[in-house]
Structures are given as C-alpha cells and as structure tokens.
Amino acid sequence: MNTLQQKYKSQIEELVKTTRRLGKIGYVTSFGGNLSIRADEDVVAITPTKVAKRKMKFDDIVLVNMKGEVLYTAPNRKPTGETSMHLNILNKRPDAKGVIHAHPPILTGFAAAHSQLLARPILPEPIIEVGPILNAEYAEPVSEDLAKTFNPVILKTNAWLMNNHGITICNCEGIGRTLELLEMLEALAQSVVVALACGKVEEIPKDEVKKLENTIISRGLPLPGLPGYNKSLCTLYFDD
Ligand SMILES: [Zn+2]
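The number in the numbering used here is simply the position in the sequence shown, starting from 1, with 769 added.
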C-alpha cells in the first residue's frame, strides 16, 4: 500500500463500500456515475474511469488534489472524466464531504422530463434532510460546460437533477450518508410517480414548511445549500 493510501485508508474504504453499493442497487449501469470524498483539505479520493462500480477495489481509487493533479493512481487507472465537476462542487461547497453523480432510473426520468416537481415541498423527510431538488441545464458529459451548469444551483441546495442525464448530490457528513440520502430521493421520486398515477401531487403548505424549518434549527442541522446562503426554508420553496 502506498503511503498516501495508508494515510487515507478509512476514507478510501468508505468510498469503495459506497461505490459497490451504488452499483448493486442499480443507480448506475456499465461504467456510469462517479463518486468522490474529501479526504483532507487538499486531497480528494475519487472513482476511476472505466471500472464497473460494483467491482470497485481499494487500489482502483485515485487520489487527486484540488487542482486535479493526480497524487496516487494504480498504473492502469485514470480518475473519472468528471473530476473537474467534482472539484468544482468541493471548491464551491467547502462544507461538502461527499459527492455522488448517478443515474437512478426514476430520478433520471424526472430529469428527462425537465420536471421541477421535486423542487416542491412534498414529503417532510427529504425537505429536512436534503432540501429541494433543483434542475441544472443539460451539457455534454465529460465537458467543462457540465461543471458550469451547476453554478446557478450549487450554493442553493444539496441535490440537483441534470436535465436529460441524471442527478448529483453532495452532503456534509460523508459518502455513505450521501448515498443514504440519494436513496431517500429515489424513493421520493417513486412516491411522486404513484401520486401522479392517483391523480395529483398535493404540496405541504407554507405554515407547515415553517414548522419543518423550526425542527431543522432545533436539531442543530444546517439549512440546504452552502451554510449561511439560504436565509429560510420557506424562501427556498416559496421564493418570497
Ligand atoms: Zn452521468
């Protein structure tokens, strides 16, 4: 084991475990999706390109610095082509510890429809734990433009649909927790599909969203987005 791998062993292990789980639950297919974890102030552990997520191993994980320079890689591995997208998020969101980009089928359906329904207050837990799922414009995968499409939403919230592509989520607690929250969002999307099949989606009213905001504050949790950026949950959902 390389000295850097030794130093960041626990973070790399957490990333491998989460990456394999992401593959097993079918949120990515083939070589799709990518994950990163902030291992240190200037060290990011990130998944490699062209390795199936469910087969990921400790030595496959690449270590880069915030400039994107490779600090460690196995001889036959290269960091994901979306490395600059991950570094853009970690740079603009110093609170974020883990970032996942994936293609969960139901959420990706909402992205294909450019639906803004998931930005509405529908179920309490996703409101408390993640916040609204906003939409980012389409851009070609593995391009500098893709990283830029996130700029309008990156400070406001923790998860955004990438139109005609998939979803990206970041979280301040680590990569394992980021995946748990992504699973919560896919379940939300499933429930919304059922609600639509039943006729319509009813929103949680503003005074009840205000109560959820009080719960967030009383639990000492951060509001969605860059800490300090959003003044209130109601403003975020109702834009007043
Ligand atoms: Zn993708």
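Backbone N, C-alpha and C define an ideal beta-carbon position, used for all residues, glycine too.
The residue from Thr849, Lys826, Ala928 with its alpha-carbon nearest to that of Leu887 is Ala928. A distance criterion of 8 Å places the beta-carbon of Pro873 beyond contact range of ligand 1, judged by its closest non-hydrogen atom. Between ligand 1 and His934, a heavy atom-to-CB distance of less than 8 Å is present.
Residues of the same chain with a CB within less than 8 Å of the CB of Val978, apart from the 5 flanking positions on each side, are Pro890, Ile896, Leu1002, Cys1003, Tyr1006, Phe1007 in chain order. Nearest Cα to Glu942 within the set Leu990, Lys861, Met770, Gly792: Leu990. The beta carbon of Val970 is closer than 8 Å to those of Leu886, Arg889, Ile891, Val961, Ala964 in its chain, skipping five residues each way along the sequence.
Contact fails between the region 817-833 and the region 872-879, because fewer than three Cβ pairs, one in each stretch, are under 8 Å apart. Between Glu955 and Pro873, the gap from beta carbon to beta carbon is short of 9 Å.
If you look at Arg946, you'll find it in the alpha helix (DSSP H) that goes 944-967. Assignment of Val978 by DSSP, reduced to helix, strand and coil, places it in the helix class. Its Cα nearest to that of Met854, the residue Pro910 stands out among Leu981, Pro910, Lys819. Shown here, Leu903 sits in a strand according to DSSP, grouped into three states. Residues Leu992, Ser1001, Leu1002, Cys1003 of the same chain have their beta carbon placed closer than 8 Å to that of Glu982, with the five preceding and five following residues left out of the count. The continuous beta strand (DSSP E) containing Asn803 extends over residues 803-809. In terms of CA proximity to Lys786, Ile944 leads the group Ile944, Glu952, Val868.
Cβ neighbours of Asp914 within its own chain (closer than 6 Å, five residues either side excluded): Ala908.
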